[in-house]
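Peer 1: In this note's numbering, the protein residues as written are 5 to 170. For each residue, glycine too, the CB sits at the ideal point set by N, CA and C.
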Amino acid sequence: MNEKTKNTSIGEAIATQYDKIWEMMFDAIDNASDDVWKYFKNMWGYAWNSFHVVEGIFYYTLDDPKGMVWGERADINWEKDNGVKSLEKMAKIPKELVREFIDEIRDSWHIKLKEKSDDYFLSKDDFGTFTSNLERHIYSIRHAAHHIGELNKELRNFKANRIKWQ
């Protein structure tokens, strides 16, 4: 049986979709000039949005969300920083930080997801937010796709190479 026709587990399918998101995110990073990367207007920034895609996936692939501190990896403290300070930090997130974040979680989560049983994905959501773990991961993928579309729009606006659809 060839690779395209063999049966795969839910975990393998989900892991493959996250792999495609990582490929698209590397395009988003590589195709962004410094002007694009630093673009920040109306509470939206290219660097921040790129970071948010990865941080969102990290969050939704955790087994337990307790203790997750949003923005921490980018040195943003939503409770202590005032709004202006947070906005300044959001606009200055370095490309390398986003790349390293992807690299850190990509391989370990790929293996972890592939090892999860179909029963795990069909069981009650570990977060208590979704109907199942599968729904949580589908949400995470949709969330990433939404924001990758925003990144692609900015690349188009800046007449830069676009993100290759995976």
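Please list, in chain order, all residues of the same chain as A78 whose beta carbon is under 7 angstroms from its beta carbon, the five residues on each side excluded.
Peer 2: F55, K93, I97 and L101
Peer 1: Does DSSP classify K99 as helix, strand or coil?
Peer 2: helix
Peer 1: Contact between the region 138-154 and the region 19-35: three or more CB pairs below 8 angstroms?
Peer 2: yes
Peer 1: Under the three-state reduction of DSSP, which class applies to G87: helix, strand or coil?
Peer 2: Three-state result, G87: helix.
Peer 1: Which of the three DSSP states is assigned to G153 in this structure?
Peer 2: helix
Peer 1: Residues in the same chain with beta-carbon distance under 7 angstroms from K45, minus the five sequence neighbours each way, listed in chain order, please.
Peer 2: none
Peer 1: Measuring only the C-alpha atoms, how far is S121 from N137?
Peer 2: 11 angstroms
Peer 1: Exposed or buried, W41, counting other C-beta atoms within 10 Å across all chains shown (16 or more means buried)?
Peer 2: buried
Peer 1: Could you tell me the distance, in whole angstroms, from the CA atom of W82 to the CA atom of M47?
Peer 2: 14 angstroms
Peer 1: With DSSP as the reference, label W169 as helix, strand or coil.
Peer 2: coil
Peer 1: Could you name the residues of the same chain whose beta carbon sits closer than 7 angstroms to that of R160, not counting the 5 residues immediately before and after it, in chain order?
Peer 2: R166
Peer 1: Check whether the Cβ atoms of H114 and A17 lie closer than 8 angstroms to each other.
Peer 2: Not a contact, by the Cβ cut-off of 8 angstroms.
Peer 1: By a C-beta neighbour count over all protein chains shown, 10 Å radius and 16 as the cutoff for buried, is W74 buried or exposed?
Peer 2: exposed
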